[in-house]
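Letter by letter, the sequence shown follows residues 801 to 947 in my numbering. These notes are about the structure you will find just below.
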Amino acid sequence: MKEFKGRVIAGGTFKGEAAVSHQGFNTLASFQKSALKNAKQVYVSDQNNKDLFGVNITGKALCLPITIGSTTGGLVIQTVCQMGIAPACFLFSESIDSLAASGIVLARIWENSKVIAIDRLGQEFLDFVKTGDKIEVKEDGTVIVGE
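This is how it looks when you write it as structure tokens:
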């Protein structure tokens, strides 16, 4: 078990499973197929993401460095939150990028989403956490990995 402390962007509490991307997470490429199919869950459709391609990330703690891709990134996050198929939280090792921040903030304000976002958790966090690990997120930005 290891504890990390980050900056709270959108607070909340969470207990669940991690899904980890060690590379920039392309929101459009990852969410597009599930959103267009009006699916009940998101299976990452970005074939360039070797960590998460084909993995179900709905309701999980998405652990990532940053999001990447086109300027539609924020809208895509807002859309999957509105659809109820988004990850429960976005846990960034780096500072949150503007596209992810806009999507998360819009989802919380316009969609009444409870999506959580914590950034600045550090590279050690991303090196330590593995897909399938148990994650606990606290209101103050503390993230506990492991039992």
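Beta carbons: idealized from backbone N, C-alpha and C, even for Gly.
If you measure between the beta carbons of residue i and residue j, is that distance less than 8 Å?
| i | j | result |
| --- | --- | --- |
| V842 | F853 | no |
| L862 | P887 | yes |
| I885 | F825 | no |
| A829 | N848 | yes |
| V820 | T942 | no |
| G946 | D933 | yes |
| C889 | S913 | no |
| V905 | T827 | no |
| A900 | A810 | no |
| I857 | E894 | no |
| I935 | G816 | yes |
| V855 | D940 | no |
| F814 | V937 | yes |
| L864 | F831 | no |
From what residue to what residue does the beta strand (DSSP E) around residue i run?
| i | result |
| --- | --- |
| A818 | F814 to V820 |
| A900 | Element bounds for A900: not the beta strand (DSSP E) but the alpha helix (DSSP H), S898 to W910. |
| F892 | C889 to F892 |
| V943 | T942 to V945 |
| K954 | The question about residue 954 has no answer, for the chain in this structure spans 801 to 947. |
On the DSSP bridge list, what partners appear for residue i?
| i | result |
| --- | --- |
| R807 | D919 |
| V929 | Beta-bridge pairing links V929 to no other residue. |
| V842 | V842 is not bridged to any residue. |
| A861 | A818 and C889 |
| I868 | N826 |
| E924 | Answer is none; E924 lacks a bridge partner. |
| N848 | Partner(s): none; N848 has no beta bridge. |
| K802 | V945 |
What do you get for residue i, buried or exposed, if any count of 16 or more other CB atoms within 10 angstroms of its CB means buried?
| i | result |
| --- | --- |
| T879 | buried |
| I909 | exposed |
Considering just the uninterrupted stretch of the alpha helix (DSSP H) at residue i, what are its terminal residues?
| i | result |
| --- | --- |
| V880 | G873 to M883 |
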